[in-house]
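> Just so you know, the protein sequences line up as chains A and B, in that order. Residue numbering for the first sequence follows numbering that gives the first Met the number 0, beginning at 0 and increasing consecutively. Residue numbering for the second sequence follows numbering that gives the first Met the number 0, beginning at 0 and increasing consecutively.
Protein chains: 2
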Amino acid sequence: MLKKTISDATIKRLPKYYGYLKVLEDEGVEKVSSSSIATAVSVSASQVRQDFFGFESNGQQGYGYDVKKLKATLASILGVDKPHSMIIIGAGHIGGALAGHKGFAQEGFQLKALFDINVAQESIHGIPVYNISTLNDFLKENKVDIAVIATTKDSAQEVANTLVKGGVESIWNFAQIEINVPKNVVVENISMLESLLVLSYKASNKI
Amino acid sequence: MLKKTISDATIKRLPKYYGYLKVLEDEGVEKVSSSSIATAVSVSASQVRQDFFGFESNGQQGYGYDVKKLKATLASILGVDKPHSMIIIGAGHIGGALAGHKGFAQEGFQLKALFDINVAQESIHGIPVYNISTLNDFLKENKVDIAVIATTKDSAQEVANTLVKGGVESIWNFAQIEINVPKNVVVENISMLESLLVLSYKASNKI
DNA sequence: TAGATTGTTAATCGATTAACAATC
DNA sequence: TAGATTGTTAATCGATTAACAATC
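1) Interface residues of chain A around B/Ile93 at Cβ under 8 Å?
2) Please state whether the Cβ-Cβ distance between B/Leu23 and B/Val66 is less than 7 Å.
3) What number of angstroms, rounded off, separates the C-alpha of A/Val186 from the C-alpha of A/Leu97?
4) Closer than 9 Å by beta-carbon distance: list the chain A residues that pair up with B/Ile76, in chain order.
5) Pull out every residue of the stretch 12-34 of chain A whose Cβ sits closer than 8 Å to any Cβ of chain B, in chain order.
6) Could you pull out every residue in the same chain whose Cβ sits closer than 7 Å to the Cβ of A/Leu69, ignoring the five residues on either side in sequence?
7) From the DSSP output, in three-state form, read off A/Val42 for me.
8) Suppose you measure from the CA of B/Phe52 to the CA of B/Ala8; what does that come to, to the nearest Å?
9) Between B/Val158 and chain A, is any beta-carbon pair separated by less than 7 Å?
10) Measure how close the beta-carbons of B/Val147 and B/Glu168 come, nearest whole angstrom, since I'm counting them as under 8 Å.
11) What do you reckon, are the CB atoms on A/Ser32 and A/Gly78 nearer than 7 Å?
12) Please report how far the alpha carbon of A/Lys142 lies from the alpha carbon of B/Ser75, in whole angstroms.
13) In chain B, which residues lie less than 8 Å from A/Leu212 when you measure between Cβ atoms?
14) Following a CB-centred definition, is A/Asp7 positioned closer than 6 Å to any heavy atom of the ligand MG?
15) Kindly identify the DSSP beta-bridge partner or partners of A/Asn130.
16) In chain order, which continuous runs of the alpha helix (DSSP H) of length 4 or greater are located wholly inside the stretch 126-178 of chain A?
17) Under DSSP, the beta strand (DSSP E) around B/Val84 begins and ends at which residues?
18) Using the DSSP secondary-structure output, state which residues sit across from B/Asp65 in a beta bridge.
19) What's the gap between the Cα of B/Glu106 and the Cα of B/His100?
20) Report the rounded CA-to-CA distance for A/Ala71 versus B/Ala155, giving the unit in angstroms.
21) Look at B/Ile93 and B/Lys111 and say whether their C-beta atoms are less than 7 Å apart.
22) Start and end of the alpha helix (DSSP H) containing B/Glu193?
23) Since A/Leu110 sits in a beta bridge, which residues does DSSP pair it with?
24) Taking the DSSP output, what are the residues bridged to A/Val180?
25) Take A/Phe103 as the anchor and find which of B/Ile10, B/Ile116, B/Glu193 and B/Asn160 has the nearest alpha-carbon.
26) Can you list the residues of chain A that B/Ile86 reaches, using a CB-CB cut of under 8 Å?
27) Give the interface partners of A/Phe103 over in chain B, defined as CB-CB distance under 9 Å, in chain order.
28) On a Cα-Cα basis, can you pick out the residue from A/Ser203, A/Asn204 and A/Ser190 that is closest to B/Pro14?
29) Could you tell me whether any Cβ in chain A is nearer than 7 Å to the Cβ of B/Ser154?
30) Helix, strand or coil, according to DSSP, for B/Lys60 in the structure here?
31) Mark B/Ala202 as exposed unless 16 or more other C-beta atoms lie within 10 angstroms of its C-beta, in which case mark it buried.
32) Using the C-alpha atoms, what's the distance from A/Asn204 back to B/Leu1?
33) Less than 7 Å between CB atoms is the rule here; does A/Val47 satisfy it with respect to chain B?
34) Could you check what DSSP says for A/Ile123 in three-state terms: helix, strand or coil?
35) Using a C-beta cutoff of 7 Å, does A/Glu187 count as contacting chain B?
36) Contact defined as beta carbons within less than 8 Å: I believe A/Val128 pairs with A/Ala159. What is the distance between those atoms, to the nearest angstrom?
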């Protein structure tokens, strides 16, 4: 484990770099400089190089970076060089929207099922919807890499407990509440309301 | 304008503090200490006090903060002490889910309409859906505080241009692309894919 | 009063920017 | 070769933590 640990600030930028490299690859561009990446992602060129410093970026002085190689390196760091199985708990507005989102599958996130207390429809966007009471058994029979919590905040912690007990180690939490999990489980929270409030702040406090 | 400017790092935490104060108010709690807030929001007590330093937090030594007063102060700073009119461009999965989200209205964000190139249904969750071709006229006749871009990335910039021309000064952008706007317009980006990739990183690089 | 807790300054830590030698 | 651009160190900047006097 000689790998230098990457700072949180850097990690948050890696998906942006990765996204831009995908665009370049689609356009057939073969090389790119730190300053082009910087412009595209609204950071400084120095920061791009500093972020890349510590992992093998395959940069060449006087030339830049090979788009394909750099994209592959970032994919590997971000863990999207291999597929992830995924389930969604809560088949409401958000859960349903996530199930319909095409972009996740493109990165190898394979949605296997949705779960809800109330199975209004047998499937959403082709993904089966099961009763939440069957979640426990499902987890015994299927390896789930990532579980999405898209329930109300009232049931989020209970759902998290079931997931953890069932061996899930990565949780993407859309519920408006902090969930408590053991140290071996990673959680990424996403709060639309918080984002909207930040926008509201900016709008209200313009110079 | 003696108001000290609040740092970006602090601004991102204000909605969390605000959310916790709402919980306390609902529970009928009247006072709270910086260390309680800190625990609830997973930061240090010192940071809470540092964040509050600079605006009138009404804290009392030896006692703590008055929940109602502090919540009102944060609401005012975040701009949610008054209502905001809102529209959503793109009535797909995400646009529809946002229209169905109850939490926004509770904070005074009043959704007036959705717009789409293809009006599949006249209304979603009781909100009228109009053809995108009428957006221009709508903006002339209605004051829109916040516009949500929930379109594909291909049309995001064009939509942004129409919004800006129509006088919208705050944009909440869900499209997977950076949009360019004049300096007087504020943009808050939210990227689910980026969030998912951060989770993927954490999952793949656990110690 | 004694205990608790804020407001505020100073110290520390980490992240960003600047600079430039190395080198393609 | 000359120009371009990286990798890397040092300098700067900003954010977090620590500490404690003020005071309720």
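No residue lacks a Cβ here, since even glycine has one placed at the ideal position from N, Cα and C. If you're wondering where the values come from, they're calculated on a predicted model, not measured in any experiment.
To lay it out plainly:
1) Residue numbering aside, residue 93 of chain B sits at position 94 when the second sequence is read from its first letter. Ala96 and His100, listed in chain order.
2) Along the second sequence, read from residue 1 onward, the residue named residue 23 of chain B stands at position 24. Along the second sequence, read from residue 1 onward, the residue named residue 66 of chain B stands at position 67. Taking 7 Å as the Cβ cut-off, B/Leu23 and B/Val66 qualify as a contacting pair.
3) Here residue 186 of chain A refers to the residue found at position 187 when the first sequence is read from its first residue. Here residue 97 of chain A refers to the residue found at position 98 when the first sequence is read from its first residue. Rounded to whole angstroms, A/Val186 to A/Leu97 spans 17 Å at the Cα level.
4) Position 77 of the second sequence, counting from 1, holds the residue named residue 76 of chain B. What B/Ile76 touches in chain A: Tyr200, Ser203 and Asn204.
5) Leu13, Pro14, Lys15, Tyr17 and Gly18
6) Here the question's residue 69 of chain A lines up with position 70 in the first sequence. So the list reads Leu20, Ser56 and Asn57, once near-sequence residues are dropped.
7) Residue mapping note: residue 42 of chain A aligns to position 43 of the first sequence, counting from 1. Coil.
8) The residue you call residue 52 of chain B lines up with position 53 of the second sequence. The residue you call residue 8 of chain B lines up with position 9 of the second sequence. The alpha-carbon atoms of B/Phe52 and B/Ala8 are separated by roughly 14 Å.
9) Taking the second sequence and counting its residues from 1, the one referred to as residue 158 of chain B is at position 159. Answer no: the Cβ-Cβ gap between B/Val158 and chain A never drops below 7 Å.
10) Working through the second sequence from its first residue, we reach residue 147 of chain B at position 148. Working through the second sequence from its first residue, we reach residue 168 of chain B at position 169. Rounded, the Cβ-Cβ distance is 14 Å, inconsistent with contact.
11) Here residue 32 of chain A is taken as the residue at index 33 of the first sequence, counted from 1. Here residue 78 of chain A is taken as the residue at index 79 of the first sequence, counted from 1. No, Cβ-Cβ distance for A/Ser32 and A/Gly78 is not below 7 Å.
12) Your numbering for residue 142 of chain A matches position 143 in the first sequence. Your numbering for residue 75 of chain B matches position 76 in the second sequence. Distance between the alpha carbons of A/Lys142 and B/Ser75 is about 47 Å.
13) The structure shown has nothing for residue 212 of chain A, since chain A only spans 0 to 206.
14) With respect to the ligand MG, the structure offers nothing, as it holds no ligand at all.
15) Reading the first sequence from its first residue, position 131 is the one you call residue 130 of chain A. In DSSP, A/Asn130 forms a bridge with A/Asp115.
16) 134-140 and 152-164
17) Your numbering for residue 84 of chain B matches position 85 in the second sequence. In the sequence under discussion, the amino acid at residue 84 of chain B is Ser, which differs from the Val named in the question. Taken as a continuous stretch (DSSP letters only), the beta strand (DSSP E) holding B/Ser84 covers His83 to Ile88.
18) The count along the second sequence starts at 1 and reaches residue 65 of chain B at position 66. BP columns for B/Asp65 point to B/Lys30.
19) Here residue 106 of chain B corresponds to residue number 107 of the second sequence, with the count starting at 1. Here residue 100 of chain B corresponds to residue number 101 of the second sequence, with the count starting at 1. One C-alpha to the other measures close to 12 Å.
20) Translated into positions along the first sequence, residue 71 of chain A becomes position 72. Translated into positions along the second sequence, residue 155 of chain B becomes position 156. Their backbone Cα atoms lie some 28 Å apart in a straight line.
21) Your numbering for residue 93 of chain B matches position 94 in the second sequence. Your numbering for residue 111 of chain B matches position 112 in the second sequence. For B/Ile93 and B/Lys111, no; Cβs fall outside 7 Å.
22) Position 194 of the second sequence, counting from 1, holds the residue named residue 193 of chain B. Start and end: Met191 to Ser203.
23) In the first sequence, counting from the first residue as 1, residue 110 of chain A sits at position 111. A/Leu110 is bridged to A/Met85.
24) As a working note, residue 180 of chain A is residue 181 in the first sequence. Beta-bridge pairing links A/Val180 to no other residue.
25) Your numbering for residue 103 of chain A matches position 104 in the first sequence. If we check each option's Cα against that of A/Phe103, B/Glu193 comes out closest.
26) Residue numbering aside, residue 86 of chain B sits at position 87 when the second sequence is read from its first letter. Here the premise fails: no neighbours, minimum Cβ distance about 14 Å.
27) As a working mapping, residue 103 of chain A is identified with position 104 in the first sequence. Here the neighbours are Met191, Leu192 and Leu195.
28) The residue you call residue 14 of chain B lines up with position 15 of the second sequence. Ranking the options by Cα distance to B/Pro14, first place goes to A/Ser190.
29) The sequence position of residue 154 of chain B within the second sequence is 155, counting from 1. Judged by the 7 Å Cβ criterion, B/Ser154 is not in contact with chain A.
30) Residue mapping note: residue 60 of chain B aligns to position 61 of the second sequence, counting from 1. For the sequence presented, residue 60 of chain B should be read as Gln rather than Lys. B/Gln60: coil per DSSP, three-state reduction.
31) To locate residue 202 of chain B, count along the second sequence from 1; it is residue 203. Answer is buried; the Cβ neighbour count reaches 16.
32) In the second sequence, the residue the question calls residue 1 of chain B occupies position 2. In the first sequence, the residue the question calls residue 204 of chain A occupies position 205. Legend: pLDDT at B/Leu1 = 41, less than 50; position of this residue unreliable, value from coordinates given subsequently. Distance between the alpha carbons of B/Leu1 and A/Asn204 is about 13 Å.
33) Mapped onto the first sequence, residue 47 of chain A falls at position 48. For A/Val47, the answer is no, since every Cβ of chain B falls outside 7 Å of its Cβ.
34) Counting from 1 along the first sequence, the entry for residue 123 of chain A is found at position 124. Correct three-state label for A/Ile123: strand.
35) Within the first sequence, numbered from 1, the residue matching residue 187 of chain A stands at position 188. Yes, because at least one Cβ of chain B sits closer than 7 Å to the Cβ of A/Glu187.
36) For the purposes of this step, residue 128 of chain A is identified with residue 129 of the first sequence, where counting begins at 1. For the purposes of this step, residue 159 of chain A is identified with residue 160 of the first sequence, where counting begins at 1. About 20 Å separates the two Cβ atoms, so there is no contact after all.
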